[in-house]
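With numbering that gives the first Met the number 0, letter number 81 in the sequence shown gets 80, and the count goes up by one each step, no holes. Okay, structure first, notes after.
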Amino acid sequence: MKIFVAGGTGAIGRPLIAELLAKGHALVALTRSPEKAQALMEQGVEPAVADVFDTDAVKAVVSRAQPEVVIEQLTALPRTYTRESMSAAAAFNNRIRLEGGANVLAAAEAAGVRRYLRQSIAFWGVPGPGLADEETPLAFDASPAVAADARVVTELEHRLLGNTNMEGIALRYGFLYGPRTWFNPDGDVARQVRRQQFPIVGNGEGVWSWLHIEDAAIATAAAAERGNPGIYIIANDQPLPVREWLPAFAQWLNAPSPPQVSVEDALKKDGGADAVYYGTQMRGVSNAKAKRELNFQPRPLEWIVD
0 MKIFVAGGTG
10 AIGRPLIAEL
20 LAKGHALVAL
30 TRSPEKAQAL
40 MEQGVEPAVA
50 DVFDTDAVKA
60 VVSRAQPEVV
70 IEQLTALPRT
80 YTRESMSAAA
90 AFNNRIRLEG
100 GANVLAAAEA
110 AGVRRYLRQS
120 IAFWGVPGPG
130 LADEETPLAF
140 DASPAVAADA
150 RVVTELEHRL
160 LGNTNMEGIA
170 LRYGFLYGPR
180 TWFNPDGDVA
190 RQVRRQQFPI
200 VGNGEGVWSW
210 LHIEDAAIAT
220 AAAAERGNPG
230 IYIIANDQPL
240 PVREWLPAFA
250 QWLNAPSPPQ
260 VSVEDALKKD
270 GGADAVYYGT
280 QMRGVSNAKA
290 KRELNFQPRP
300 LEWIVD
């Protein structure tokens, strides 16, 4: 197939392009950087040079490419994973997802694209017992940053899945780990853990669902080829509470054991309600649909040894 990728030079975009090329697809990737365009060409990818906020330019490059499928992986996340850096990045990240994504979606529709996939988030399901699935409502009443992101995700998904002119697929990824992510030995969370700056909050019962960056690419390629329209949760088989995954992560890094802070103390800090949500209320997710329909076979979490 001929596939147009928006966000092909990011953390997921790089392994995704490698996976799609290995499967024999013809690729066009959007970039606004001449240097990145050259790197794409060296990989065997046709670059489409345009600013994602330039509606006419995006429409022109998608029309010229005439792809069967568009995969949108647009984000603008910071290199550091702190409340301060995430807050500072939020406005532009939302703009690139909402405004930039709208431009790519409109261009795809105008070009008669058959199928459109976009990145989404798996871990905003309302807190509750068991694992959340694709039908679980999102946490609009959660802590401020979580609730805001849940609303953005919902708007993006509704915009895509409500479009009757193409097959829309929303891929809700778990917490990404692996090369070029925060949760890698050279990533920012590893740096914080080594400095004992990433604590267990309260009882550490918040459940996180994980996804290796290369498994994200594999699942995305499978969804592009044969996924049914709708939502897929893409995460591994090991949702784990913070009190389990964080000490194991520290041990894997040969770092000191993480400190523990009370909910009361966490709430005294800026963004504390979000830290409490992540640490004590986050709900794990089920990947049953992706395993059933996409033959998704995720690898075990790298730092957990049975």
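Beta carbons are placed, not taken as given, at the ideal position from N, Cα and C, and that holds for glycine. None of the values given here were measured: they were computed from a predicted structure.
- Take Ala149, set aside five residues on each side of it, and the residues of its chain with a beta-carbon closer than 6 Å to its own are Trp123, Leu137, Ala138, Phe139, in chain order.
- Under DSSP, Gln259 takes part in a beta bridge, and its partners are Ile199.
- DSSP places Ile120 in the uninterrupted beta strand (DSSP E) bounded by 114-120.
- In the structure shown, His211 falls within a strand segment according to DSSP collapsed to helix, strand and coil.
- An exposed status is given to Asn164, since fewer than 16 other beta-carbon atoms sit within 10 Å of its beta-carbon.
- Between Leu170 and Ala222, the CB-CB gap stays under 8 Å.
- In this structure, DSSP gives Glu134 a state outside helix and strand, which the three-state scheme calls coil.
- Assigned with DSSP and collapsed to three states, Leu170 falls in strand.
- As a beta-bridge residue in DSSP terms, Lys1 pairs with Ala25.
- Linking Ala216 to Lys22 through their CA atoms gives a straight-line distance of about 12 Å.
- The three-state secondary structure of Phe182, taken from DSSP, is strand.
- Three or more beta-carbon pairs separated by less than 8 Å are not found between the segment 200-218 and the segment 77-97, which leaves the two stretches without contact.
- The shortest C-alpha to C-alpha distance from Pro143 to any of Tyr277, Ile2, Val284, Gln296 is the one to Tyr277.
- The three-state reading of DSSP puts Leu300 in coil, since its state is none of H, G, I, E or B.
- Secondary structure of Pro46 (DSSP, three-state): strand.
- Taking Val192 as reference, the option from Gly173, Ser208, Pro257 with the minimal CA-CA separation is Pro257.
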